[in-house]
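Working notes for the structure below.
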Amino acid sequence: MKRDMPRNYLPDDERQQVLRDGGMNAVYMAESAEARRVGDEDAAWAWLAMAELPAETLLALKEALGAQFLREMGFNTAPADEAYGAGWLNR
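Put into structure tokens, the structure is as follows:
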């Protein structure tokens, strides 16, 4: 699924440092946290949806916000699919 990139909130030098230290997944998480800090909830969720999240986190998000939210935001559910089996999002 191709998606538009959300607005960047990390300064370029900080973004490059996060990338060096933790890889792209860390950048997604840091951008999400910074977007949330400045009050841009849409960007915060969009950045988080790009991150590879553990199965437990995906399950918690499903329970808190619903399966449709995860679908609409485009979360990668592969880790939870593997941990909980195909169709877990619909159960």
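Counting in this note's numbering, the sequence shown runs from 14 upward without gaps.
Even for Gly, the Cβ is constructed at its ideal location relative to N, Cα and C.
Query	Result
DSSP three-state assignment for E65, whether helix, strand or coil	coil
Same chain, Cβ closer than 7 angstroms to D94, neighbours up to 5 away in sequence not counted	W101
beta-carbon A68 near the ligand SAM non-hydrogen atom, thresh 7 angstroms	Absence of the ligand SAM is noted for the structure shown, with no ligands found whatsoever.
Range covered by the alpha helix (DSSP H) that runs through G79	From DSSP, G79 is part of no alpha helix (DSSP H); its letter is neither H nor E.
DSSP-derived helix/strand/coil call for P19	coil
Per-residue burial, E85 [other beta carbons within 10 Å of its own, 16 or more giving buried]	exposed
Cβ neighbour criterion (16 or more within 10 Å) applied to V51	exposed
Which of helix, strand or coil DSSP assigns to V51	coil
8 angstroms contact criterion, which A62 and A48 should meet: CB distance rounded	At roughly 12 angstroms, the Cβ-Cβ gap does not stay under 8 angstroms, so A62 and A48 are not in contact.
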